[in-house]
Every structure is written in structure tokens, then in C-alpha cells.
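Visitor:
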Amino acid sequence: MNADDLLAIIEEGLENGRISPYLAAYIAAEITGMEANATGFDDRVRLDEGDE
0 MNADDLLAII EEGLENGRIS PYLAAYIAAE ITGMEANATG FDDRVRLDEG
50 DE
């Protein structure tokens with residue numbers, strides 16, 4: 000299994016709700032060697048500390 004196959008499986012699990020977005024982002028980051036927030040799997044809204 001190559002990295003593209005594994006990323007496709009992660010994306011399918013994310014779409015089916017079997018894997019959480021932050022976990023998908025972490026695994027994809029480990030596979031690709033990039034930052035987790037740059038993978039596009041974790042699209043949750045984040046609040047900055049200055050937004051209070």
C-alpha cells in the first residue's frame with residue numbers, strides 16, 4: 000500500500016464519520032511530512048485568543 004492509497008482510505012473514513020478530522024489530519028501529516036493543519040483534513044473552526 001502506498002501513501003496515496005492510505006490517504007484515500009483516511010479520506011473515506013473521514014467522510015463516513017469513522018475517523019475524526021483532527022486524527023485524519025495528524026495521520027496525513029505523518030504520511031506526507033507536512034504540518035497537520037496544512038493537510039486540509041482538519042477544517043474545524045478555531046478561535047483565536049484575541050476573539051473574546
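All residue numbers for the sequence shown refer to numbering that gives the first Met the number 0, where the first residue is 0 and numbers rise by one. Glycine residues also receive a C-beta, built at the ideal position from the N, C-alpha and C atoms. Note that this is a predicted model, so its numbers are computed, not measured.
So, is Thr-38 buried or exposed, given that buried needs 16 or more other C-beta atoms within 10 angstroms?
Guide: Residue numbering aside, residue 38 sits at position 39 when the sequence shown is read from its first letter. That one is buried.
Visitor: With Ala-7 as the anchor, note down where its alpha helix (DSSP H) starts and where it stops.
Guide: The sequence position of residue 7 within the sequence shown is 8, counting from 1. Start and end: 2 to 15.
Visitor: Return the CA-CA distance between Ala-23 and Glu-14, expressed in angstroms with no decimal places.
Guide: What you label residue 23 is simply residue 24 of the sequence shown in a count that begins at 1. What you label residue 14 is simply residue 15 of the sequence shown in a count that begins at 1. Roughly 11 Å separates the two Cα atoms.
Visitor: Would you identify the three-state DSSP class for Thr-31, choosing helix, strand or coil?
Guide: The sequence position of residue 31 within the sequence shown is 32, counting from 1. In the structure shown, Thr-31 sits in a helix (DSSP, three-state: H, G or I).
Visitor: Would DSSP call Ile-26 helix, strand or coil?
Guide: Locating residue 26 in the sequence shown gives position 27, where the first residue counts as 1. Looking at Ile-26 - three-state DSSP - the assignment turns out to be helix.
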